[in-house]
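Participant: For the sequence shown, position 184 matches number 399 in the working numbering, and the numbering has no gaps at all.
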Amino acid sequence: MSLYQELKRRNVIRVATAYVVAAWLIIQVVETIFPAFGFTDRAVRIAVIVLGIGFVPAVAAAWVFEWTPEGLKRDAEAGQYADSKPLRARSFDRAIIVILVLAVSFFAFDKFVLAPERAAEREAEVAEEAKSGAITGFYGDRSIAVLPFDNLSSDPEQAYFVDGVAEEILNLLAHIRDLRVISRSSSFAFRGQGLEIPDIAERLNVAHVLEGSVRRSGNRVRVTAQLIEARTDTHLWSKTYERELDNVFQIQDEIAADVTKNLEINLLKPLPHSRNVHPEAYALVQQVSQIYQVRGENTAARMYPLAKRALELDPDYPEAIKWLSAAEFMRATDGLTTWEEALAHIELLDARYAELAPDSGYLEAGKGWQLERAGKLEQAASLYLQSLEKELTDSEQLRWAGRFALLIGKTNVAVRILEHAVAIDPLNHQVRRVLSQALMYRGAPGDYRRAIDVREQYLAAASGGQPYYSMLLILTGEPEQVAGVWDDADEYWKQALPYLAMADYTMGKVDEAHANLARLESMLAEPPDPGKNAWNEWDQRITIATVAAWFGDADKAFAHLMPPPEKVPYTDRLDIHNPVWREIRDDPRWQEFRAAIGMSAERLDAIEFDPWLPE
216 MSLYQELKRR NVIRVATAYV VAAWLIIQVV ETIFPAFGFT DRAVRIAVIV LGIGFVPAVA
276 AAWVFEWTPE GLKRDAEAGQ YADSKPLRAR SFDRAIIVIL VLAVSFFAFD KFVLAPERAA
336 EREAEVAEEA KSGAITGFYG DRSIAVLPFD NLSSDPEQAY FVDGVAEEIL NLLAHIRDLR
396 VISRSSSFAF RGQGLEIPDI AERLNVAHVL EGSVRRSGNR VRVTAQLIEA RTDTHLWSKT
456 YERELDNVFQ IQDEIAADVT KNLEINLLKP LPHSRNVHPE AYALVQQVSQ IYQVRGENTA
516 ARMYPLAKRA LELDPDYPEA IKWLSAAEFM RATDGLTTWE EALAHIELLD ARYAELAPDS
576 GYLEAGKGWQ LERAGKLEQA ASLYLQSLEK ELTDSEQLRW AGRFALLIGK TNVAVRILEH
636 AVAIDPLNHQ VRRVLSQALM YRGAPGDYRR AIDVREQYLA AASGGQPYYS MLLILTGEPE
696 QVAGVWDDAD EYWKQALPYL AMADYTMGKV DEAHANLARL ESMLAEPPDP GKNAWNEWDQ
756 RITIATVAAW FGDADKAFAH LMPPPEKVPY TDRLDIHNPV WREIRDDPRW QEFRAAIGMS
816 AERLDAIEFD PWLPE
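Listed below in structure tokens is the structure:
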């Protein structure tokens with residue numbers, strides 16, 4: 216008997232064929248599902264090696280043993296079961312056929328379902344990379360990150376003063392239109408990480424880095440600054456400045472001027488000058504800025520007294536005015552003051568800011584927000600555009616403009632604005648939060664996956680992103696993960712319950728979904744706790760309508776939506792472009808509702824809002 220015939224008799228060929236096909240199928244499944252559970256490519260390689268090694272013992276076992284009606288027997292002992300051998304062979308053949316069917320089915324599923332999704336995601340990634348490249352290419356080597364200066368003073372309490380020196384230099388440089396300046400939230404994020412200059416520059420995608428140190432002793436201050444070409448880690452320029460403390464702001468002006476000179480920037484207008492600021496007020500403003508970036512519990516309550524004290528120390532300090540205005544708005548949002556009192560105070564603060572900083576784009580952006588809140592969307596659009604015409608280096612102003620674009624349904628514009636904001640401030644968590652929201656609203660191929668990635672980056676560094684993250688998980692077919700997003704549910708029950716209800720409904724847990732909705736309705740009927748989830752009647756109605764809309768219960772949704780109050784208060788829950796409303800958008804009552812709140816399709820389509828950005 217030939218070797219081939221012997222291999223065939225012992226079913227070695229059948230076993231080898233079945234093993235190879237099954238191993239291929241297992242490898243394809245592993246490559247698909249392992250990344251979803253956080254396994255690296257190394258785990259996939261290990262699986263391939265194990266399967267490859269397993270081929271030899273599988274074939275050897277087929278040579279030595281034979282499957283009989285009484286189980287595995289050595290080949291020499293299996294002769295008595297010769298009559299059943301054809302039946303066993305056919306069983307092997309059927310097993311091979313089943314495995315082949317599974318393999319073909321998986322191949323078809325991968326080709327026609329998974330592959331298009333991967334292609335869409337990759338297309339989105341390529342588009343994002345191209346966008347980032349276009350933005351950075353526009354500026355070329357005219358880019359810089361100002362790192363936090365080292366505090367060489369004996370008093371660690373001087374850290375805020377030192378940060379303020381670096382930040383003011385950054386702010387002066389940021390007014391140069393031809394220079395891409397990385398915002399504070401990103402450039403200061405590398406403090407204490409021990410990274411080399413080229414590594415930091417690569418992460419921020421800049422050609423130059425400014426670093427330095429500050430030593431304060433009594434009424435004297437010494438500032439050393441160094442301009443570095445990042446790619447080669449070469450010092451282009453270094454200088455030490457020593458002045459009386461009262462003249463520290465002159466030092467900042469000189470450093471900024473020297474930097475621009477050494478970068479050979481062709482300024483379109485003279486470099487602005489800093490003004491003398493009370494040192495303690497300066498330090499307090501830096502604390503407020505840091506609290507705002509990180510967020511967390513009681514953000515407004517922590518920001519307000521610091522900003523208020525800074526303004527008391529220096530009544531003509533524009534940054535103190537700006538932050539006190541922001542804190543006042545956030546206090547009203549948290550129910551710590553009434554909207555009437557907050558807006559009256561904000562109006563006074565904005566008027567004073569206009570006197571002190573008439574050239575700032577922040578002023579137009581702030582007025583745009585006020586008009587937006589008042590429902591004057593056309594005028595708001597004009598002011599946001601004016602703000603961006605003045606400066607494209609303020610990530611906060613870009614964030615506001617991007618969020619406004621979302622409000623009026625121009626999602627492509629919103630994504631474009633926010634991608635530019637990320638390019639100049641890549642580590643700004645608040646910008647990334649709104650970018651994630653914009654991607655979710657746009658919903659183009661690959662947008663949901665990218666939105667989740669951006670949202671997870673935000674949640675890793677800040678708080679308050681649970682609602683949109685929950686919605687993204689529901690939209691991407693992962694509703695079972697929503698409950699885990701709200702680990703501190705006792706603190707957030709009012710915010711959590713709508714998404715828990717929608718997640719349950721999406722998973723087919725209809726009874727649990729309606730039970731959560733009923734619980735939400737009863738909780739919203741309770742008197743608000745000042746400072747924590749202070750919801751007004753319209754908030755309550757919108758929240759219940761949101762859940763009902765997701766359930767497909769249009770009647771209940773519109774029973775809460777209509778009629779809207781005579782004056783609809785400002786709230787993100789009014790965002791009609793949120794995909795949460797998709798189940799009721801075809802209902803004629805939806806257009807009626809949009810018209811009633813001043814957000815008709817005809818009106819929004821007529822608003823021109825497409826700011827120039829580097830392409």
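Backbone N, C-alpha and C fix where the C-beta goes; we use that ideal spot for every residue, glycine too.
As the structure is a prediction and not an experimental result, all values here were calculated from the model.
(1) Quick check: ASN477 and LEU451, are their CB atoms within less than 8 Å of each other?
(2) Is it true that the stretch 587-600 meets the stretch 372-380, where meeting means three or more beta-carbon pairs spaced less than 8 Å apart?
(3) Taking only the alpha-carbon atoms, compute the straight-line gap between TYR656 and ARG800 and give it to the nearest angstrom.
(4) Taking only runs of the alpha helix (DSSP H) that begin and end inside the stretch 599-630, which ones reach a length of at least 4 residues, in chain order?
(5) My output table needs one value for GLU340: the three-state DSSP class, helix, strand or coil.
(6) Can you name, in chain order, every residue of its own chain whose Cβ lies under 6 Å from the Cβ of GLU174, other than the five neighbours on each side?
(7) Alpha carbon to alpha carbon, how far is GLU562 from ASP461?
(8) Out of curiosity, what's the CA-to-CA distance linking LEU674 and LEU642?
(9) Suppose the cutoff is 8 Å on Cβ atoms and the five residues either side in sequence are ignored; what does the same chain contact list for PRO694 look like?
(10) Figure out for me which residue from ARG618, GLN681, GLU383 has the closest Cα to the Cα of VAL630.
(11) Can you look up GLY813 in the DSSP assignment and give me helix, strand or coil?
(12) Going by the CB atoms, is the gap between VAL669 and SER651 shorter than 8 Å?
(13) Run through DSSP, which three-state label would ASP298 get?
(14) When burial is assigned at 16 or more other CB atoms within 10 Å of the CB, is LYS537 buried or exposed?
(15) Who are the near neighbours of PHE824 in its chain, counting only those whose CB is closer than 8 Å to its CB and skipping five residues on each side?
(16) Where does LYS582 fall in DSSP's three states?
(17) DSSP beta-bridge partners for SER358?
(18) Taking DSSP's pairing of strands, which residues face TYR714 in a bridge?
(19) Within its chain, find whatever has a CB closer than 6 Å to the CB of SER347; leave out the 5 residues flanking it on each side and keep chain order.
(20) For ALA557, which of ALA566, PHE544, HIS493, ARG614 has the nearest alpha-carbon?
(21) Given a threshold of 16 other Cβ atoms within 10 Å of its Cβ, counted over all protein chains shown, does ASN434 qualify as buried or as exposed?
(22) Would you report the Cα separation of SER504 and LEU539, rounded to the nearest angstrom?
(23) What is the residue span of the beta strand (DSSP E) that THR843 lies within?
(24) Ends of the beta strand (DSSP E) at SER428?
(25) Going by DSSP in three states, LEU828 sits in which element: helix, strand or coil?
(26) Taking all protein chains shown into account, decide if ALA233 is buried (16 or more other Cβ within 10 angstroms of its Cβ) or exposed.
(27) Under the DSSP definition of a beta bridge, which residues are partnered with VAL438?
(28) Restricting to Cα atoms, I'd like to know which of ALA636, ASP820, VAL396, PHE773 is closest to GLU593.
(29) Counting C-beta neighbours from all protein chains within 10 Å, is the total for GLU383 16 or more, i.e. buried, or is it exposed?
(30) Spatial neighbours of VAL783 within its chain, please: C-beta separation below 8 Å, excluding the five flanking residues on both sides.
(31) I'd like to check one pair, ARG431 with ARG395: are the Cβ atoms closer than 8 Å?
(32) Could you give the first and the last residue of the continuous alpha helix (DSSP H) run that contains GLN681?
(33) Three or more beta-carbon pairs under 8 Å between the stretch 755-762 and the stretch 726-743, yes or no?
(34) Determine which residues share a DSSP beta bridge with ASP365 and list them.
(35) Run through DSSP, which three-state label would ILE268 get?
(36) Touching or not, the stretch 564-577 and the stretch 526-537, by the rule of three or more beta carbon pairs under 8 Å?
Facilitator: Inspection of the coordinates gives the following:
(1) yes
(2) no
(3) 14 Å
(4) 610-622
(5) Reliability fails at GLU340, whose pLDDT of 47 lies under 50, so the model's placement of it is uncertain and the value that follows must be treated cautiously. In the structure shown, GLU340 sits in a helix (DSSP, three-state: H, G or I).
(6) This structure cannot settle anything about residue 174, because the visible part of the chain is limited to 216 through 830.
(7) 32 Å
(8) 13 Å
(9) LEU688, MET717, ALA718, ASP719, THR721, MET722
(10) ARG618
(11) coil
(12) yes
(13) Here the model assigns ASP298 a pLDDT of 49, short of 50, so the residue's position is not dependable and the matter cannot be decided.
(14) buried
(15) ALA596, TYR599, LEU600, PHE619, ALA620, ILE623, LYS625, VAL628
(16) helix
(17) ARG395
(18) Answer is none; TYR714 lacks a bridge partner.
(19) Confidence at SER347 is low in this model, with a pLDDT of 43, below 50, so the placement of that residue should be treated as unreliable; the coordinate-derived value is given next. The answer, listed in chain order, is ALA638.
(20) PHE544
(21) exposed
(22) 11 Å
(23) Absent from the structure is residue 843, since the part of the chain shown begins at 216 and ends at 830.
(24) 423-432
(25) coil
(26) buried
(27) VAL429, TYR456
(28) ASP820
(29) buried
(30) GLY590, TRP753, LEU789, ILE812, GLY813
(31) no
(32) 681-690
(33) yes
(34) SER428
(35) helix
(36) yes
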